[in-house]
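Notes follow once the structure below has been shown.
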Amino acid sequence: MSRKDADAHVKVHELFDEAARRLRPFLSYPATRKQVRRAFRQSDVEGLFAKTVDGSIASIAEDYFETDILQGMLASEGIISSMAGPRTPGTAYIALHHAFGQATGHDGAWGFVRGGMGAITSALADIVRAQGGEIRIEAEVAELRLDERRRAAGVVLASGEEIEASIVCSNATAQCTVAFVGADHLPPDFVDDIELLPTEGTVVKVNCALSGLPKFKGFGSEGEIGPEHTGTITVSPSIDYLEDACRRAAEGHPADNFFCEAWIQTATEPELAPEGKHTLSIFAQYVPYSFAEGTWDERRDVVGDAVVATLETYAPGLSDLIEDRLVLGPPDLEARFGLTGGNIFHGELLPDWLFDKRPSRGWHRHRWPLPGLYLCGSAAHPGGGVCGAPGRNAARSVLEDLVAAGAGMPS
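Next comes the structure, spelled out in C-alpha coordinates:
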(Lines of atoms letter the chains of each structure in order from A; the text may use other names.)
(Lines give C-alpha, C1' and ligand atoms only; values in the text may rest on other atoms or scores of the structure.)
Protein backbone atom coordinates (compact mmCIF):
# COMPACT_ATOMS: atom_id res chain seq x y z
CA MET A 0 0.00 0.00 0.00
CA SER A 1 1.42 3.37 -0.99
CA ARG A 2 1.56 6.33 1.40
CA LYS A 3 -1.02 8.07 -0.81
CA ASP A 4 -3.39 5.11 -0.49
CA ALA A 5 -2.84 4.89 3.25
CA ASP A 6 -3.85 8.53 3.64
CA ALA A 7 -6.72 8.09 1.17
CA HIS A 8 -8.14 5.22 3.23
CA VAL A 9 -8.78 7.65 6.06
CA LYS A 10 -10.10 10.37 3.75
CA VAL A 11 -12.61 8.17 1.95
CA HIS A 12 -14.08 7.07 5.28
CA GLU A 13 -14.31 10.71 6.31
CA LEU A 14 -16.23 11.42 3.08
CA PHE A 15 -18.79 8.69 3.74
CA ASP A 16 -19.00 9.56 7.45
CA GLU A 17 -19.91 13.13 6.51
CA ALA A 18 -22.53 11.94 4.01
CA ALA A 19 -23.95 9.48 6.56
CA ARG A 20 -24.29 12.29 9.14
CA ARG A 21 -26.38 14.23 6.60
CA LEU A 22 -28.46 11.18 5.73
CA ARG A 23 -29.22 9.67 9.16
CA PRO A 24 -31.93 12.18 10.18
CA PHE A 25 -33.94 11.12 7.13
CA LEU A 26 -33.86 7.39 7.86
CA SER A 27 -36.75 7.76 10.28
CA TYR A 28 -38.48 10.45 8.27
CA PRO A 29 -40.32 10.08 4.93
CA ALA A 30 -37.90 12.36 3.14
CA THR A 31 -38.05 13.52 -0.44
CA ARG A 32 -35.00 13.55 -2.67
CA LYS A 33 -35.11 17.36 -2.65
CA GLN A 34 -34.98 17.48 1.15
CA VAL A 35 -32.01 15.12 1.29
CA ARG A 36 -30.13 17.08 -1.37
CA ARG A 37 -30.77 20.32 0.52
CA ALA A 38 -29.30 18.82 3.71
CA PHE A 39 -26.20 17.66 1.85
CA ARG A 40 -25.66 21.19 0.50
CA GLN A 41 -25.07 22.37 4.07
CA SER A 42 -21.89 20.32 4.18
CA ASP A 43 -18.48 21.90 3.68
CA VAL A 44 -17.64 19.06 1.28
CA GLU A 45 -18.21 20.35 -2.23
CA GLY A 46 -20.52 18.20 -4.34
CA LEU A 47 -21.22 15.76 -1.50
CA PHE A 48 -24.63 14.70 -2.86
CA ALA A 49 -23.35 14.32 -6.42
CA LYS A 50 -20.42 12.21 -5.23
CA THR A 51 -22.03 9.93 -2.63
CA VAL A 52 -25.62 9.64 -3.89
CA ASP A 53 -25.73 10.20 -7.64
CA GLY A 54 -22.13 9.27 -8.44
CA SER A 55 -20.56 5.92 -9.20
CA ILE A 56 -18.55 4.10 -6.56
CA ALA A 57 -15.82 3.53 -9.16
CA SER A 58 -15.33 7.29 -9.57
CA ILE A 59 -14.73 7.70 -5.84
CA ALA A 60 -12.43 4.68 -5.73
CA GLU A 61 -10.33 5.96 -8.63
CA ASP A 62 -10.26 9.51 -7.28
CA TYR A 63 -8.93 8.39 -3.90
CA PHE A 64 -6.85 5.25 -4.53
CA GLU A 65 -4.11 4.40 -7.00
CA THR A 66 -3.85 0.67 -6.25
CA ASP A 67 -6.20 -1.71 -8.08
CA ILE A 68 -6.90 -3.90 -5.08
CA LEU A 69 -7.94 -0.94 -2.89
CA GLN A 70 -10.09 0.44 -5.70
CA GLY A 71 -11.73 -2.96 -6.00
CA MET A 72 -12.29 -3.24 -2.26
CA LEU A 73 -14.11 0.10 -2.08
CA ALA A 74 -15.99 -0.54 -5.33
CA SER A 75 -17.40 -3.79 -3.93
CA GLU A 76 -19.26 -1.82 -1.26
CA GLY A 77 -21.32 -0.11 -3.98
CA ILE A 78 -22.65 -3.16 -5.80
CA ILE A 79 -24.26 -5.22 -3.04
CA SER A 80 -27.30 -7.06 -4.44
CA SER A 81 -27.36 -4.78 -7.48
CA MET A 82 -27.40 -5.69 -11.14
CA ALA A 83 -25.35 -2.53 -11.72
CA GLY A 84 -21.58 -2.53 -12.11
CA PRO A 85 -19.38 -0.18 -10.07
CA ARG A 86 -19.13 2.36 -12.92
CA THR A 87 -22.92 2.83 -12.93
CA PRO A 88 -24.13 6.21 -11.58
CA GLY A 89 -25.80 5.84 -8.20
CA THR A 90 -23.71 2.92 -6.96
CA ALA A 91 -21.97 5.29 -4.55
CA TYR A 92 -25.26 5.43 -2.67
CA ILE A 93 -25.24 1.68 -2.09
CA ALA A 94 -21.91 2.13 -0.31
CA LEU A 95 -23.35 5.09 1.62
CA HIS A 96 -26.38 3.00 2.61
CA HIS A 97 -23.95 0.60 4.25
CA ALA A 98 -22.12 3.44 6.01
CA PHE A 99 -24.91 4.84 8.19
CA GLY A 100 -24.79 1.99 10.71
CA GLN A 101 -23.72 2.78 14.28
CA ALA A 102 -23.26 -0.65 15.82
CA THR A 103 -21.68 -0.47 19.30
CA GLY A 104 -21.81 3.32 19.00
CA HIS A 105 -19.25 3.60 16.20
CA ASP A 106 -20.13 5.58 13.06
CA GLY A 107 -20.24 3.44 9.95
CA ALA A 108 -20.06 0.19 11.90
CA TRP A 109 -22.20 -2.88 11.39
CA GLY A 110 -22.16 -5.73 13.87
CA PHE A 111 -22.22 -9.51 13.90
CA VAL A 112 -25.02 -10.91 16.05
CA ARG A 113 -23.92 -13.51 18.56
CA GLY A 114 -25.96 -16.62 17.91
CA GLY A 115 -26.74 -15.59 14.32
CA MET A 116 -29.42 -13.34 12.84
CA GLY A 117 -32.10 -15.54 14.40
CA ALA A 118 -31.10 -14.07 17.76
CA ILE A 119 -32.62 -10.74 16.66
CA THR A 120 -35.96 -12.23 15.64
CA SER A 121 -36.02 -14.33 18.83
CA ALA A 122 -35.51 -11.19 20.92
CA LEU A 123 -38.27 -9.38 19.03
CA ALA A 124 -40.60 -12.36 19.47
CA ASP A 125 -39.96 -12.35 23.22
CA ILE A 126 -40.92 -8.66 23.39
CA VAL A 127 -44.13 -9.25 21.41
CA ARG A 128 -45.18 -12.16 23.62
CA ALA A 129 -44.33 -10.21 26.77
CA GLN A 130 -46.82 -7.57 25.63
CA GLY A 131 -49.54 -10.18 25.11
CA GLY A 132 -49.05 -10.58 21.37
CA GLU A 133 -49.45 -13.85 19.50
CA ILE A 134 -47.07 -15.02 16.77
CA ARG A 135 -48.39 -17.55 14.29
CA ILE A 136 -45.94 -19.65 12.28
CA GLU A 137 -46.76 -22.11 9.48
CA ALA A 138 -49.58 -19.67 8.69
CA GLU A 139 -49.10 -18.64 5.06
CA VAL A 140 -51.13 -15.61 3.98
CA ALA A 141 -53.10 -16.05 0.76
CA GLU A 142 -54.88 -12.72 0.46
CA LEU A 143 -55.84 -9.49 2.17
CA ARG A 144 -59.43 -9.03 3.30
CA LEU A 145 -61.24 -5.78 2.49
CA ASP A 146 -64.43 -4.45 4.05
CA GLU A 147 -67.27 -2.74 2.22
CA ARG A 148 -65.45 0.60 2.51
CA ARG A 149 -62.38 -0.84 0.79
CA ARG A 150 -60.37 -0.77 3.99
CA ALA A 151 -58.03 -3.48 5.21
CA ALA A 152 -60.04 -5.90 7.32
CA GLY A 153 -57.61 -8.76 7.94
CA VAL A 154 -56.09 -11.65 6.04
CA VAL A 155 -57.09 -15.03 4.66
CA LEU A 156 -54.60 -17.82 5.24
CA ALA A 157 -53.76 -20.52 2.71
CA SER A 158 -55.66 -22.91 5.00
CA GLY A 159 -58.81 -20.87 4.46
CA GLU A 160 -58.82 -19.45 7.98
CA GLU A 161 -59.79 -15.77 8.17
CA ILE A 162 -58.20 -13.42 10.68
CA GLU A 163 -59.89 -10.07 11.29
CA ALA A 164 -57.75 -6.97 11.79
CA SER A 165 -58.32 -3.27 11.16
CA ILE A 166 -54.58 -2.75 10.65
CA VAL A 167 -52.40 -4.96 8.45
CA CYS A 168 -48.64 -4.43 8.14
CA SER A 169 -46.91 -6.29 5.33
CA ASN A 170 -43.24 -7.20 5.63
CA ALA A 171 -43.46 -8.97 2.27
CA THR A 172 -42.05 -7.44 -0.90
CA ALA A 173 -44.09 -4.74 -2.58
CA GLN A 174 -44.89 -7.11 -5.46
CA CYS A 175 -46.09 -9.85 -3.10
CA THR A 176 -48.22 -7.32 -1.24
CA VAL A 177 -49.88 -6.26 -4.49
CA ALA A 178 -50.64 -9.93 -5.15
CA PHE A 179 -52.18 -10.32 -1.69
CA VAL A 180 -54.41 -7.28 -2.28
CA GLY A 181 -55.20 -7.82 -5.95
CA ALA A 182 -54.05 -5.23 -8.49
CA ASP A 183 -57.67 -4.37 -9.33
CA HIS A 184 -58.07 -2.86 -5.87
CA LEU A 185 -55.16 -0.44 -6.30
CA PRO A 186 -54.59 2.66 -8.49
CA PRO A 187 -53.08 1.65 -11.86
CA ASP A 188 -50.23 4.19 -11.58
CA PHE A 189 -49.32 2.79 -8.18
CA VAL A 190 -49.26 -0.78 -9.49
CA ASP A 191 -47.17 0.34 -12.48
CA ASP A 192 -44.57 1.88 -10.15
CA ILE A 193 -44.38 -1.32 -8.09
CA GLU A 194 -43.88 -3.39 -11.22
CA LEU A 195 -41.09 -1.05 -12.38
CA LEU A 196 -39.06 -1.50 -9.17
CA PRO A 197 -36.14 -3.73 -10.26
CA THR A 198 -36.00 -6.91 -8.20
CA GLU A 199 -33.75 -9.23 -10.21
CA GLY A 200 -31.36 -10.83 -7.76
CA THR A 201 -27.65 -11.19 -8.45
CA VAL A 202 -26.53 -12.93 -5.26
CA VAL A 203 -25.67 -16.57 -4.65
CA LYS A 204 -25.12 -17.78 -1.08
CA VAL A 205 -22.88 -20.77 -0.38
CA ASN A 206 -23.06 -22.02 3.21
CA CYS A 207 -20.43 -24.60 4.14
CA ALA A 208 -19.74 -27.03 6.99
CA LEU A 209 -15.96 -27.45 7.30
CA SER A 210 -13.87 -30.20 8.85
CA GLY A 211 -11.21 -27.67 9.84
CA LEU A 212 -10.06 -24.06 9.65
CA PRO A 213 -9.04 -22.67 6.22
CA LYS A 214 -5.49 -21.43 5.86
CA PHE A 215 -5.02 -18.27 3.80
CA LYS A 216 -1.89 -17.45 1.83
CA GLY A 217 0.54 -15.34 3.79
CA PHE A 218 -1.15 -15.79 7.15
CA GLY A 219 -0.40 -17.65 10.35
CA SER A 220 -0.05 -21.28 11.28
CA GLU A 221 -2.41 -23.99 10.11
CA GLY A 222 -5.26 -24.68 12.53
CA GLU A 223 -4.79 -21.47 14.55
CA ILE A 224 -7.45 -18.77 14.53
CA GLY A 225 -6.01 -15.44 13.39
CA PRO A 226 -7.35 -12.03 12.35
CA GLU A 227 -7.88 -13.31 8.82
CA HIS A 228 -10.60 -15.60 10.18
CA THR A 229 -12.49 -13.22 12.47
CA GLY A 230 -13.50 -10.42 10.11
CA THR A 231 -15.04 -10.11 6.68
CA ILE A 232 -13.06 -11.87 3.94
CA THR A 233 -13.42 -9.93 0.67
CA VAL A 234 -12.37 -10.99 -2.82
CA SER A 235 -12.59 -7.96 -5.14
CA PRO A 236 -9.20 -7.33 -6.74
CA SER A 237 -10.16 -4.50 -9.12
CA ILE A 238 -12.97 -2.43 -10.59
CA ASP A 239 -12.67 -4.17 -13.96
CA TYR A 240 -12.95 -7.54 -12.21
CA LEU A 241 -16.38 -6.48 -10.91
CA GLU A 242 -17.44 -4.97 -14.22
CA ASP A 243 -16.60 -8.19 -16.06
CA ALA A 244 -18.63 -10.25 -13.58
CA CYS A 245 -21.57 -7.86 -13.91
CA ARG A 246 -21.46 -8.02 -17.71
CA ARG A 247 -21.45 -11.81 -17.65
CA ALA A 248 -24.56 -11.93 -15.47
CA ALA A 249 -26.36 -9.41 -17.67
CA GLU A 250 -25.74 -11.77 -20.58
CA GLY A 251 -27.24 -14.70 -18.66
CA HIS A 252 -24.01 -16.31 -17.44
CA PRO A 253 -22.49 -16.63 -13.95
CA ALA A 254 -19.27 -14.75 -13.33
CA ASP A 255 -16.03 -16.42 -14.37
CA ASN A 256 -14.50 -15.04 -11.17
CA PHE A 257 -16.81 -14.02 -8.36
CA PHE A 258 -16.87 -11.07 -6.02
CA CYS A 259 -17.04 -12.76 -2.63
CA GLU A 260 -17.63 -11.72 0.94
CA ALA A 261 -17.17 -14.57 3.40
CA TRP A 262 -17.42 -15.11 7.14
CA ILE A 263 -16.21 -17.89 9.42
CA GLN A 264 -18.69 -17.57 12.28
CA THR A 265 -17.06 -20.26 14.40
CA ALA A 266 -13.83 -18.27 14.60
CA THR A 267 -15.59 -16.08 17.14
CA GLU A 268 -18.42 -18.43 18.18
CA PRO A 269 -16.95 -21.96 18.36
CA GLU A 270 -20.14 -23.24 19.98
CA LEU A 271 -21.92 -23.04 16.60
CA ALA A 272 -20.19 -26.24 15.43
CA PRO A 273 -18.80 -29.45 16.98
CA GLU A 274 -15.30 -29.19 18.40
CA GLY A 275 -12.71 -28.77 15.65
CA LYS A 276 -15.36 -28.07 13.00
CA HIS A 277 -16.18 -24.70 11.42
CA THR A 278 -18.82 -22.88 9.43
CA LEU A 279 -18.24 -20.71 6.36
CA SER A 280 -20.80 -18.45 4.68
CA ILE A 281 -19.99 -17.01 1.26
CA PHE A 282 -21.97 -14.16 -0.30
CA ALA A 283 -21.11 -13.93 -4.00
CA GLN A 284 -21.97 -11.95 -7.14
CA TYR A 285 -22.79 -11.82 -9.97
CA VAL A 286 -25.27 -14.48 -11.09
CA PRO A 287 -28.36 -14.15 -13.30
CA TYR A 288 -31.84 -15.03 -12.10
CA SER A 289 -32.27 -17.04 -15.32
CA PHE A 290 -29.41 -18.55 -17.29
CA ALA A 291 -28.97 -18.08 -21.02
CA GLU A 292 -28.47 -21.85 -21.11
CA GLY A 293 -29.78 -24.34 -18.58
CA THR A 294 -31.62 -23.91 -15.28
CA TRP A 295 -30.60 -23.38 -11.68
CA ASP A 296 -31.47 -27.00 -10.89
CA GLU A 297 -29.04 -28.07 -13.60
CA ARG A 298 -26.27 -25.58 -12.79
CA ARG A 299 -26.53 -24.96 -9.04
CA ASP A 300 -23.61 -27.24 -8.12
CA VAL A 301 -21.43 -25.86 -10.92
CA VAL A 302 -22.01 -22.33 -9.65
CA GLY A 303 -21.27 -23.44 -6.09
CA ASP A 304 -18.01 -25.02 -7.27
CA ALA A 305 -17.02 -21.79 -9.04
CA VAL A 306 -17.69 -19.69 -5.93
CA VAL A 307 -15.60 -22.01 -3.76
CA ALA A 308 -12.84 -22.04 -6.40
CA THR A 309 -12.70 -18.22 -6.31
CA LEU A 310 -12.10 -18.23 -2.57
CA GLU A 311 -9.77 -21.21 -2.82
CA THR A 312 -7.39 -19.08 -4.89
CA TYR A 313 -6.56 -17.38 -1.59
CA ALA A 314 -7.21 -20.36 0.72
CA PRO A 315 -5.59 -23.41 -0.91
CA GLY A 316 -7.20 -26.70 0.08
CA LEU A 317 -10.55 -25.10 1.02
CA SER A 318 -12.61 -27.50 -1.08
CA ASP A 319 -11.06 -30.48 0.75
CA LEU A 320 -12.39 -29.11 4.05
CA ILE A 321 -16.03 -28.91 2.90
CA GLU A 322 -18.10 -31.73 4.44
CA ASP A 323 -21.43 -30.33 3.33
CA ARG A 324 -22.76 -27.20 1.68
CA LEU A 325 -25.94 -25.40 0.65
CA VAL A 326 -26.05 -23.29 -2.53
CA LEU A 327 -28.85 -20.71 -2.82
CA GLY A 328 -29.28 -18.78 -6.08
CA PRO A 329 -31.83 -16.00 -6.66
CA PRO A 330 -34.72 -18.42 -7.43
CA ASP A 331 -33.94 -20.33 -4.23
CA LEU A 332 -33.95 -17.12 -2.16
CA GLU A 333 -37.28 -16.24 -3.78
CA ALA A 334 -38.81 -19.64 -3.03
CA ARG A 335 -37.50 -19.93 0.54
CA PHE A 336 -37.99 -16.38 1.77
CA GLY A 337 -40.53 -14.80 -0.58
CA LEU A 338 -37.91 -12.40 -1.99
CA THR A 339 -39.31 -11.35 -5.36
CA GLY A 340 -36.64 -12.04 -7.96
CA GLY A 341 -34.29 -13.15 -5.17
CA ASN A 342 -33.35 -9.54 -4.38
CA ILE A 343 -32.24 -9.35 -0.74
CA PHE A 344 -33.26 -5.67 -0.46
CA HIS A 345 -36.78 -6.15 -1.91
CA GLY A 346 -35.63 -3.99 -4.83
CA GLU A 347 -32.67 -1.97 -6.09
CA LEU A 348 -31.06 0.56 -3.76
CA LEU A 349 -30.04 2.89 -6.57
CA PRO A 350 -31.21 6.53 -6.19
CA ASP A 351 -33.93 6.20 -8.83
CA TRP A 352 -35.77 3.88 -6.42
CA LEU A 353 -35.24 5.69 -3.12
CA PHE A 354 -36.76 8.36 -0.90
CA ASP A 355 -40.14 9.56 -2.23
CA LYS A 356 -40.02 6.97 -5.02
CA ARG A 357 -39.82 3.94 -2.72
CA PRO A 358 -41.93 1.97 -3.38
CA SER A 359 -43.99 4.39 -5.50
CA ARG A 360 -44.12 8.12 -6.17
CA GLY A 361 -45.90 9.84 -3.31
CA TRP A 362 -46.39 6.63 -1.30
CA HIS A 363 -43.15 6.66 0.70
CA ARG A 364 -44.82 7.18 4.09
CA HIS A 365 -45.40 3.44 4.54
CA ARG A 366 -49.16 3.79 3.99
CA TRP A 367 -50.74 2.14 0.96
CA PRO A 368 -53.66 3.43 -1.12
CA LEU A 369 -55.96 1.16 0.93
CA PRO A 370 -56.60 2.56 4.44
CA GLY A 371 -55.34 0.26 7.16
CA LEU A 372 -52.58 -1.33 5.03
CA TYR A 373 -48.93 -0.48 5.66
CA LEU A 374 -45.62 -1.66 4.16
CA CYS A 375 -42.98 -2.28 6.82
CA GLY A 376 -40.29 -4.23 4.93
CA SER A 377 -37.25 -3.38 2.84
CA ALA A 378 -39.29 -2.19 -0.14
CA ALA A 379 -40.31 0.78 2.02
CA HIS A 380 -38.18 3.83 2.90
CA PRO A 381 -35.26 3.82 3.57
CA GLY A 382 -34.64 0.32 2.15
CA GLY A 383 -32.98 -2.90 3.29
CA GLY A 384 -29.94 -3.78 5.32
CA VAL A 385 -31.47 -5.19 8.54
CA CYS A 386 -31.49 -1.71 10.05
CA GLY A 387 -35.07 -1.88 11.34
CA ALA A 388 -35.90 1.59 9.99
CA PRO A 389 -38.75 0.58 7.61
CA GLY A 390 -40.53 -1.25 10.43
CA ARG A 391 -40.07 1.57 12.90
CA ASN A 392 -41.31 4.11 10.37
CA ALA A 393 -44.35 2.01 9.53
CA ALA A 394 -45.16 1.63 13.24
CA ARG A 395 -45.01 5.40 13.67
CA SER A 396 -47.40 5.87 10.73
CA VAL A 397 -49.82 3.39 12.31
CA LEU A 398 -49.70 5.23 15.63
CA GLU A 399 -50.20 8.59 13.92
CA ASP A 400 -53.27 7.27 12.12
CA LEU A 401 -54.71 5.75 15.31
CA VAL A 402 -54.38 9.08 17.10
CA ALA A 403 -55.85 10.97 14.15
CA ALA A 404 -58.83 8.59 14.15
CA GLY A 405 -59.40 9.22 17.85
CA ALA A 406 -58.34 5.73 18.91
CA GLY A 407 -55.49 7.06 21.04
CA MET A 408 -52.08 5.55 21.66
CA PRO A 409 -52.02 1.85 22.59
CA SER A 410 -51.18 1.29 26.25
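Numbering that gives the first Met the number 0 puts the first residue of the sequence shown at 0, with every later residue one more than the last. Heads up, the beta-carbon is just placed ideally off N, CA and C, and yes, glycines get one too.
**Prompt:** Pick from Gly387, Val52, Asp300, Val9: whose alpha carbon is nearest that of Ala18?
**Reply:** Val52
**Prompt:** Looking at C-beta atoms only, is the number of pairs between the segment 356–376 and the segment 168–179 that lie closer than 8 Å three or more?
**Reply:** yes
**Prompt:** From Ala274 to Gly316, what distance separates their C-alpha atoms?
**Reply:** A small fix is needed here, since residue 274 is Glu in this sequence, not Ala. In a straight line, the C-alpha of Glu274 is about 20 Å away from that of Gly316.
**Request:** Would you mind working out which of Glu161, Pro197, Ser235, Ala272 sits nearest Ala208, comparing C-alpha positions?
**Result:** Ala272
**Item:** N-terminal and C-terminal residue of the alpha helix (DSSP H) that Thr31 is part of
**Value:** No alpha helix (DSSP H) holds Thr31; DSSP gives it neither H nor E.
**Item:** Same chain, Cβ closer than 6 Å to Leu372, five either side skipped, listed in chain order
**Value:** Ala151, Val167
**Message:** Taking the alpha-carbon of Asp146 as reference, which of Ala138, Glu161, His277 has the nearest alpha-carbon?
**Reply:** Glu161
**Request:** Would you please state the rounded distance, in angstroms, between the beta carbons of Ser210 and Lys276? I believe it to be under 8 Å.
**Result:** 6 Å
**Request:** For the beta strand (DSSP E) containing Thr231, list its first residue and its last residue.
**Result:** First-last for Thr231: undefined, no H or E at that position.
**Message:** Under DSSP, the alpha helix (DSSP H) around Val127 begins and ends at which residues?
**Reply:** 117–129
**Asked** Hey, Phe426 and Thr309: beta-carbon distance below 7 Å or not?
**Response** In the structure as shown, the chain starts at 0 and stops at 410, and residue 426 therefore has no counterpart that could be examined.
**Request:** Decide if Arg86 is buried, meaning its Cβ has at least 16 other Cβ atoms within 10 Å, or exposed.
**Result:** buried
**Request:** Taking all protein chains shown into account, decide if Asp296 is buried (16 or more other Cβ within 10 angstroms of its Cβ) or exposed.
**Result:** exposed
**Message:** So, at 6 Å on beta carbons, what are the nonlocal neighbours of Gly303 in its own chain, with the 5 sequence-adjacent residues on each side left out?
**Reply:** Val205, Val326
**Item:** Rounded distance between the beta-carbons of Leu279 and Ala305, thought under 8 Å
**Value:** Actually they are not in contact, since the Cβ atoms of Ala305 and Leu279 sit about 16 Å apart, beyond 8 Å.
**Asked** Given a threshold of 16 other Cβ atoms within 10 Å of its Cβ, counted over all protein chains shown, does Gln70 qualify as buried or as exposed?
**Response** buried
**Outcome for Thr265 when other beta-carbon atoms lying within 10 angstroms are tallied against a minimum of 16** = buried
**Request:** Identify the continuous beta strand (DSSP E) that holds Gln284 and give its terminal residues.
**Result:** 277–284
**Message:** My output table needs one value for Glu260: the three-state DSSP class, helix, strand or coil.
**Reply:** strand
**Asked** For the segment 313–346, which segments carrying the alpha helix (DSSP H) assignment without a break, of at least 4 residues, lie completely within its bounds, in sequence order?
**Response** 317–320, 329–336
**Asked** If you pair each beta-carbon of the segment 19–34 with each one of the segment 345–356, do three or more pairs fall below 8 Å?
**Response** yes
**Request:** Give the single residue among Asn392, Ala118, Gly346 whose Cα lies nearest to the Cα of Ile93.
**Result:** Gly346
**Prompt:** Buried or exposed: Glu133, going by 16 or more other Cβ atoms within 10 Å of its Cβ?
**Reply:** exposed
**Residues bridged to Val140 (per DSSP)** = Leu156
**Prompt:** Run through DSSP, which three-state label would Tyr288 get?
**Reply:** coil
**Cβ-based burial, Ile263 [other Cβ within 10 Å; buried from 16]** = buried
**Asked** Leaving out five residues before and five after Gly115 in sequence, what residues of the same chain have Cβ atoms less than 8 Å from its Cβ?
**Response** Gln264, Leu271
**Message:** DSSP three-state label for Lys214, please.
**Reply:** coil
**Message:** Please state the DSSP three-state secondary structure of Ser359.
**Reply:** coil
**Item:** Candidates Arg20, Gly217, Val11, Gly383: closest to His105 by CA position
**Value:** Arg20
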